[in-house]
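To keep things clear, I will list the structure first and then write my remarks on it.
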Amino acid sequence: MIISPSWFNGLVDEVEARARFGAARVARLATVDEFGRPHLVPVTFAVDGDTVSFAIDHKPKRTTNLRRLRNIAADDRVCLLVDHYDDDWSQLWWVRADGRARIVEDDDVSDAHEARERALARLAERYRQYRDRPPQGPVVLITVESWTGWSYAGL
Numbered sequence: 092m093i094i095s096p097s098w099f100n101g102l103v104d105e106v107e108a109r110a111r112f113g114a115a116r117v118a119r120l121a122t123v124d125e126f127g128r129p130h131l132v133p134v135t136f137a138v139d140g141d142t143v144s145f146a147i148d149h150k151p152k153r154t155t156n157l158r159r160l161r162n163i164a165a166d167d168r169v170c171l172l173v174d175h176y177d178d179d180w181s182q183l184w185w186v187r188a189d190g191r192a193r194i195v196e197d198d199d200v201s202d203a204h205e206a207r208e209r210a211l212a213r214l215a216e217r218y219r220q221y222r223d224r225p226p227q228g229p230v231v232l233i234t235v236e237s238w239t240g241w242s243y244a245g246l
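Counting from 1, position 136 in the sequence shown corresponds to residue 227 in this note's numbering; the numbering is continuous, with no gaps.
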């Protein structure tokens, strides 16, 4: 479902929004901490219906106590943004997915474990690096509640 004000021309319908989102290679994940301070970080991701997932992988990080995970634990509301910029502004577009996130650890024995495994398989389909070295850390599953998109061309 796309939720946008009526003055917002250039809307992208939900089918197009999902297609553009799914074709993107990287998204920006927005979270807030317990004090309401925003945090933004790029993530590689996979889409499965209304679920977007990303994994904590082997890329170098300063700590395993990642702010994005602490923020999600404090407030599960998240936003993902993918976009395309071009100096020819008629090519500009963006798609936003707003939803609720859940952290699933490797040793989770709930029904989320199956969803975690499915997410890892989808990530491996999209990114060679995950085939070569599967993530061992947590997987974040985001249930998308709304898809919003805009395109200069209004596609």
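All C-beta atoms in this analysis are idealised placements derived from N, C-alpha and C, irrespective of residue type, glycine included.
Being a predicted model, the structure only gives us computed values, none of them experimental.
Residue i versus residue j: straight-line alpha-carbon distance, rounded
i	j	result
residue 112	residue 200	30 angstroms
residue 210	residue 184	26 angstroms
residue 120	residue 135	10 angstroms
Cβ-based burial, residue i [other Cβ within 10 Å; buried from 16]
i	result
residue 169	buried
residue 233	buried
residue 224	exposed
residue 131	exposed
residue 244	exposed
residue 144	buried
residue 242	buried
residue 162	buried
residue 180	exposed
residue 226	buried
residue 106	exposed
For residue i, the residue or residues it bridges with in DSSP
i	result
residue 174	185
CB-CB length for residue i against residue j, believed under 8 angstroms
i	j	result
residue 118	residue 195	Incorrect: roughly 18 angstroms between the Cβ atoms, too far for contact.
residue 247	residue 228	In the structure as shown, the chain begins at 92 and stops at 246. Residue 247 is therefore absent and cannot be evaluated.
Residue i versus the options, residue with shortest Cα-Cα distance
i	options	result
residue 133	116, 189, 139, 101	116
residue 238	136, 227, 190	190
residue 213	124, 108, 139	139
residue 219	137, 141, 236	137
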